[in-house]
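S.K.: For reference, the structure I am asking about is given below.
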Amino acid sequence: MSKQHDDVTTSTGRDQQEETQGQHPGTSRRDFMKLSVGSAGVGAAAAYFAGAASVVKPAMAQLSSKEADKTYVAPGQYDTYYAFKSGGQSGDMRVMGLPSNRLFKRIPVFNFDCCFGWGVTNHSKRLLADAETGEQTKVGDTHHVHLSYTDGTYDGKYSWVNDKARGRLARVRLDYMEVDAITDLPHCQGTHGIFPSRDRINAVYCNSEFRNPMPNDGSLLDEPKKYGCLHTCVDAESMKVRWQVWVDGQLDICATDYHGKYSMATCYNSEEGVNLDQMTAADRDHLTVFNLERIEEAVKSGKDVIHIGDRKDIPVIDGRGKDNRYVLYIPVPKNPHGVNIDPTGTYAIASGKLSPTVSVIPLAKIDDAFAGKIKTPRDCVVAEPEVGLGPLHTAFDGRGNAYTSIFIDSVCTKWNIATAVAGKDPVLQKIDVMYQPGHVNATMSETKDADGKWLMSLNKFSKDRFLSVGPMFPDNDQFIDISSTKEKNMVLVHDAPAYPEPHDAILAWRSIFHPKQIWDPKDRKFDWERNLVAELSKRNGKKLELGKTNEVIREGNKLYAIMTSLAPVYGLQEIRAKKGDEVTVIVTNINAVEDLTHGFCLSGHDINFGVAPQETASVTFTADKKGVWWFYCTWFCHALHLEMRSRFIVS
Ligand code: K7E
Ligand code: CUA
Ligand code: CA
45 MSKQHDDVTT
55 STGRDQQEET
65 QGQHPGTSRR
75 DFMKLSVGSA
85 GVGAAAAYFA
95 GAASVVKPAM
105 AQLSSKEADK
115 TYVAPGQYDT
125 YYAFKSGGQS
135 GDMRVMGLPS
145 NRLFKRIPVF
155 NFDCCFGWGV
165 TNHSKRLLAD
175 AETGEQTKVG
185 DTHHVHLSYT
195 DGTYDGKYSW
205 VNDKARGRLA
215 RVRLDYMEVD
225 AITDLPHCQG
235 THGIFPSRDR
245 INAVYCNSEF
255 RNPMPNDGSL
265 LDEPKKYGCL
275 HTCVDAESMK
285 VRWQVWVDGQ
295 LDICATDYHG
305 KYSMATCYNS
315 EEGVNLDQMT
325 AADRDHLTVF
335 NLERIEEAVK
345 SGKDVIHIGD
355 RKDIPVIDGR
365 GKDNRYVLYI
375 PVPKNPHGVN
385 IDPTGTYAIA
395 SGKLSPTVSV
405 IPLAKIDDAF
415 AGKIKTPRDC
425 VVAEPEVGLG
435 PLHTAFDGRG
445 NAYTSIFIDS
455 VCTKWNIATA
465 VAGKDPVLQK
475 IDVMYQPGHV
485 NATMSETKDA
495 DGKWLMSLNK
505 FSKDRFLSVG
515 PMFPDNDQFI
525 DISSTKEKNM
535 VLVHDAPAYP
545 EPHDAILAWR
555 SIFHPKQIWD
565 PKDRKFDWER
575 NLVAELSKRN
585 GKKLELGKTN
595 EVIREGNKLY
605 AIMTSLAPVY
615 GLQEIRAKKG
625 DEVTVIVTNI
635 NAVEDLTHGF
645 CLSGHDINFG
655 VAPQETASVT
665 FTADKKGVWW
675 FYCTWFCHAL
685 HLEMRSRFIV
695 S
C-alpha cells in the first residue's frame, strides 16, 4: 500500500500544524471559551465566538463498521426517510435520502439555476420578479425549511422556505417538488425564522430579524429607536400576506404551538441597538409570544389596526409596549437563538446562545400570562438548565429527551426535560461534533410523531474532515444514531460534506410523500402558456394546442414558436426571426415516459431550461443577433440526443 493510502484514516499531522499555528497556543479551545464567557461587553461577545476559528480536533473513538453499516442503503434500495435541507447562501433547497445521506435534488428557489432553467423560463421569472419593481432577482439566503402540517404531523403537501436576503417566503409544492409561489413581505428585512401552523394548513408565520425604518423610504435614517420589526402572517394556500404585528426589539427564530393559539420568536436585540456592543448589552432579551386569536379578532374588527406607508391593504397590529394584549415578552438570557416546541406540545425551549442555558417554558404558563394570572412574564420560565457554551437549537426524540446543538463547545447535548423541570441536572450525554453545529434536528422531531431514530448535526466548519478543496470548505452535516433507549444513546455514524450552507433540515418518513414522476399536462403551472396559445388561436383564426401544434406565429414584431419535443426531435426544424423580434418559444415535452426529460438550450443566448415529461415551459427574449443559432437538447434523452437540434435563423 502506498504512503498516501496509509494516510487515509488519520489527520494527526494537520492537527499538530493547527495547534502550533493556532491563535491561542497553550490554551485549549474549551478553556479559552470559559475565560471569555463570564465578562460583559463587546470584547467578551466577540471573544466568545472567536473560538470557532481555533478549533482543535478532539480525540474520537474509532467507529466500528457495524455502526457505520447502519447508514448503508444497498444499490437499488430506497432510503427510509426524506431530508429537506435549506441551502443557506446558495439560495436553494435540497432533497436527500436518509440514512444514506444521498443527495437527490437541489430545488432552485431564490437562486439562478441553469439546469432546470430557474430564472430563465417565463414561469420562474414571474416568481422571481420583485413585487414592487419587477427586478429579476438572482440572490437568496434560505435558512429554514418547514413542511405543512395536519393534526400535528406532516401531510406531504407543501414546504415553505425563507429568504433572508430579501424578505420573502417561498412555497414548494411537494407533489412535484418545485416552487409554485413566492411572496414578498412588505417592510421586512432579514426574514429569518418561519413556522407554519401545526393544527391544519392555515398560515405561515415569518420573523424579520433586522429593524428598519417603517416605511423605509428615506424619510427616517438615523433614529434607530424609531425603526421597527414585523411578525408577518402569510396565508398558507393563497400565499397572500394576511397581517403583520409590529414588535419591540427584533425577531429571530420562529415556532408555533400545536393548537393554532400561539406563534413565537426569539429576540436577541431587545436593546434595539445597531452594533454588536449595543445588541449584547442586556443580560436578558425575550421570547416574544403572539396571541393569534386576539390578533385575528383585532384584524377582523379593525380595532387597533394601523397601516405602514402606502400598504393600506395590509392590517398591522401595534404589539409594542409591555402592556399590550397581543404580544407577550418573556425575558430569557442572553441573545437567545433557537426556539423549539417539544413533540407533546407542552414546552417551548429557548436556547441562550450567549448564556450556557436553555429556558424551559410551559405553554400553560403562557395561557396564564395572557389571562393575567401570573405576576410577571419571567414567571413563565420553569427551568433553565446549563447545557454547554453557545446553545442554539433543540431536537426531540419523542421519549422526553431534548438534544441541543452547542456551537462553541462543538457538542450535541442530550438532556431530559422532566428532570430539568424537577430542578435537577438533566444532562445525560454530550458528544463531540465536527465542528461548530448550527441546527440539530431529529427524525419527525418537529411533529407529535417524533420517532427518536436519527439525529442530524449541521456543522458550520468541516476543518480537517475531508480532502482539501481550497479555502472555501464544505459544511459537515453529521449523522447520529439515537435509536437506543439507553441514557447515552448518541453514536456518530456518518460525515456528509454539504455545499454551503444548509442551516436546517427536516427529517421525515418517506411514506408521507408521493411525488408525481410525470406532469399532468392540465396542471395550473402551464396556465400562462395555455392562455397565450388560446389567445393566439382566437386572434389568428387557428386551432393551436400545447403538445399538438408545431408552428411559428408572427404578430407584428412578436414571434411565437410553439413546438413539441419528442425524443430525439423538436417539432420545429427551424425558427426564422428578424433581428429585433420579441420571440417566445413554448416547448411541450410529449414523451410520457418517466425520467425522459428534454432540454432547450439556445446557443449564444444565455437560454437553457429543462422540460420534464408532459411539461410545458416557455422563454421570451429578443432576437438581437443576426445569424444561425442552433438550439439543442441538454438532457440526455436518446441514442440520438446529440442530433436533437434545430436552427434559429435571424435575418
Ligand atoms: Cu440558527 Cu438562520 Cu436557523 Cu443558522 S439559524 S444555524
Ligand atoms: Cu432530448 Cu436530449
Ligand atoms: Ca441582546
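Taken in order, the sequence shown gives residues 45 to 695; the numbers are from the working numbering. Even glycine gets a Cβ: it sits at the ideal position worked out from N, Cα and C. Because the structure is a prediction, the values reported are computed rather than measured.
Consider the C-beta atom of S662 and the heavy atoms of ligand 3; say whether any pair is separated by less than 7 Å.
M.R.: Residue 662 sits at position 618 when you count from the first residue of the sequence shown. Flag unset: Cβ of S662 not near ligand 3.
S.K.: Is any non-hydrogen atom of ligand 1 found closer than 7 Å to the C-beta of G141, if you look at the structure I gave you?
M.R.: Along the sequence shown, read from residue 1 onward, the residue named residue 141 stands at position 97. No, since every heavy atom of ligand 1 falls outside the 7 Å radius drawn around the Cβ of G141.
S.K.: Under 7 Å from any heavy atom of ligand 2, does the C-beta of F675 make it?
M.R.: Residue mapping note: residue 675 aligns to position 631 of the sequence shown, counting from 1. No; taking the cut-off as 7 Å, the Cβ of F675 has no heavy atom of ligand 2 nearer than that.
S.K.: For the beta strand (DSSP E) holding T274, just list the boundary residues, first then last.
M.R.: One-based indexing of the sequence shown puts residue 274 at position 230. The question names Thr, yet the displayed sequence has Leu at residue 274. It spans L274 to D279 - the beta strand (DSSP E) in which L274 sits, taken as one unbroken run.
S.K.: Take R242 and list the residues in its own chain whose beta-carbon comes closer than 6 Å to its own, dropping the five residues that flank it on each side.
M.R.: Here residue 242 corresponds to residue number 198 of the sequence shown, with the count starting at 1. Y193, G196, T300 and Y302, listed in sequence order.
S.K.: Would the stretch 518-526 and the stretch 477-497 be scored as touching if the rule is three or more Cβ pairs under 8 Å?
M.R.: These segments touch.
S.K.: To the nearest angstrom, report how far apart L172 and G184 are at their CA atoms.
M.R.: Counting from one through the sequence shown, the residue named residue 172 turns up at place 128. Counting from one through the sequence shown, the residue named residue 184 turns up at place 140. Distance between the alpha carbons of L172 and G184 is about 10 Å.
S.K.: So is V637 buried or exposed if we call it buried at 16+ other beta carbons inside 10 Å?
M.R.: Here residue 637 corresponds to residue number 593 of the sequence shown, with the count starting at 1. Classification for V637: exposed.
S.K.: Taking buried to mean at least 16 other C-beta atoms within 10 Å of its own C-beta, is C159 buried or exposed?
M.R.: Against the sequence shown, residue 159 aligns to sequence position 115. Counting Cβ neighbours within 10 Å, C159 comes out exposed, since fewer than 16 surround it.
S.K.: Are the stretch 232-252 and the stretch 340-350 touching by the rule of at least three beta carbon pairs closer than 8 Å?
M.R.: Too few Cβ pairs lie closer than 8 Å, so no.
S.K.: So which residues put a beta carbon under 7 Å from any heavy atom of ligand 3, going in chain order?
M.R.: Residues with a Cβ closer than 7 Å to any heavy atom of ligand 3, in chain order: Y312, N313, S314, E315, M323, T324, A325, A326, D329, K378 and N379.
S.K.: Relative to the C-alpha of V455, which candidate in K497, E179, G442 and N503 has its C-alpha closest?
M.R.: Here residue 455 refers to the residue found at position 411 when the sequence shown is read from its first residue. Of the candidates K497, E179, G442 and N503, the one whose C-alpha sits nearest the C-alpha of V455 is N503.
S.K.: First and last residue of the beta strand (DSSP E) that includes V216?
M.R.: Reading the sequence shown from its first residue, position 172 is the one you call residue 216. R212 to R217 is the extent of the beta strand (DSSP E) around V216.
S.K.: Within the present structure, is the beta-carbon of P657 separated from the nearest heavy atom of ligand 2 by less than 7 Å?
M.R.: Looking up residue 657 in the sequence shown gives position 613. Incorrect: P657 has no Cβ contact closer than 7 Å to ligand 2.
S.K.: In terms of residue numbering, what span does the alpha helix (DSSP H) encompassing F675 cover?
M.R.: Position 631 of the sequence shown, counted from the start, is the residue given in the question as residue 675. That residue, F675, is in no alpha helix (DSSP H); its beta strand (DSSP E) goes G671 to Y676.
S.K.: With a 10 Å radius around its C-beta and 16 neighbouring C-beta atoms as the bar for buried, classify T54 as buried or exposed.
M.R.: In the sequence shown, counting from the first residue as 1, residue 54 sits at position 10. Below a pLDDT of 50, predicted positions are generally treated as unreliable, and T54, at 39, falls in that range; the measurement from the model is reported next regardless. It counts as exposed.
S.K.: Give me whichever residues DSSP pairs with F665 in a beta bridge.
M.R.: On the sequence shown, residue 665 is found 621 positions in, with the first residue counted as 1. Note: F665 sits in a beta bridge opposite V627.
S.K.: Quick check on DSSP: helix, strand or coil for M607?
M.R.: As a position in the sequence shown, residue 607 is number 563, starting the count at 1. Reduced to three states, the DSSP call for M607 is strand.
S.K.: Quick check on W498: buried or exposed, where buried means 16 or more other Cβ atoms within 10 Å of its Cβ?
M.R.: Residue 498 sits at position 454 when you count from the first residue of the sequence shown. Burial call: buried.
S.K.: Counting Cβ pairs closer than 8 Å, one from the stretch 350-358 and one from the stretch 225-235, do we hit at least three?
M.R.: Contact holds: three or more Cβ-Cβ distances are below 8 Å.
S.K.: Helix, strand or coil for F414 per DSSP?
M.R.: Numbered from 1 along the sequence shown, position 370 holds the residue referred to as residue 414. Correct three-state label for F414: helix.
S.K.: Would you report the Cα separation of S501 and N575, rounded to the nearest angstrom?
M.R.: Here the question's residue 501 lines up with position 457 in the sequence shown. Here the question's residue 575 lines up with position 531 in the sequence shown. Approximately 47 Å, taken between the alpha carbons.
S.K.: Are the CB atoms of T448 and S395 within a distance shorter than 8 Å?
M.R.: By one-based count along the sequence shown, residue 395 stands at place 351. By one-based count along the sequence shown, residue 448 stands at place 404. Yes, the Cβ-Cβ distance between S395 and T448 is below 8 Å.
S.K.: Residue ranges of each beta strand (DSSP E) run of no fewer than 3 residues wholly in the stretch 101-180, ordered along the chain?
M.R.: Complete beta strand (DSSP E) runs here, min 3: 125-130, 137-142 and 146-151.
S.K.: So for V393, helix, strand or coil by DSSP?
M.R.: Taking the sequence shown and counting its residues from 1, one reaches residue 393 at position 349. A small correction: the amino acid at residue 393 is Ile; Val does not occupy that position in the sequence shown. DSSP places I393 in strand when its eight states are reduced to three.
S.K.: Cα separation between R23 and K409?
M.R.: Given a span of 45 to 695 for the chain in the structure shown, any question on residue 23 remains unanswerable.
S.K.: In terms of residue numbering, what span does the beta strand (DSSP E) encompassing Q322 cover?
M.R.: Walking along the sequence shown from the start, residue 322 turns up at place 278. Where Q322 is concerned, there is no enclosing beta strand (DSSP E), although the alpha helix (DSSP H) it sits in stretches over L320 to M323.
S.K.: For a test of your reading of the model: does the CB of S26 fall under 7 Å from any non-hydrogen atom of ligand 2? Yes or no.
M.R.: Any answer about residue 26 is impossible in this case: the structure gives the chain only from 45 up to 695.
S.K.: Among all the DSSP beta bridges, which residues are the ones paired with S307?
M.R.: Locating residue 307 in the sequence shown gives position 263, where the first residue counts as 1. Answer is T300 and F334.
S.K.: Below 8 Å between beta carbons: does that hold for F414 and G434?
M.R.: For the purposes of this step, residue 414 is taken as residue 370 along the sequence shown, with counting starting at 1. For the purposes of this step, residue 434 is taken as residue 390 along the sequence shown, with counting starting at 1. The answer is no: Cβ separation not under 8 Å.
S.K.: So within the stretch 332-381, which uninterrupted alpha helix (DSSP H) runs reach at least 4 residues, ignoring any that extend past its ends?
M.R.: The qualifying runs are 336-345.
S.K.: I need the boundaries of the alpha helix (DSSP H) containing D564, first residue and last residue.
M.R.: Stepping through the sequence shown from its first residue, residue 564 is reached at position 520. First-last for D564: undefined, no H or E at that position.
S.K.: Report all residues from its chain with a CB closer than 6 Å to the CB of Y676; omit the five preceding and five following residues, and keep chain order.
M.R.: For the purposes of this step, residue 676 is taken as residue 632 along the sequence shown, with counting starting at 1. Same-chain partners within the cutoff: C645 and R689.
S.K.: Write down the C-beta distance between C298 and I238 rounded to the nearest angstrom, noting that I regard them as a contact closer than 8 Å.
M.R.: Within the sequence shown, residue 298 is the residue found at index 254, counting from 1. Within the sequence shown, residue 238 is the residue found at index 194, counting from 1. Contact holds; Cβ gap of about 6 Å.
S.K.: Who are the near neighbours of V86 in its chain, counting only those whose CB is closer than 7 Å to its CB and skipping five residues on each side?
M.R.: Indexing the sequence shown from 1 puts residue 86 at position 42. Reliability fails at V86, whose pLDDT of 45 lies under 50, so the model's placement of it is uncertain and the value that follows must be treated cautiously. Excluding positions up to five away in sequence, the list reads L320, D321 and T324.
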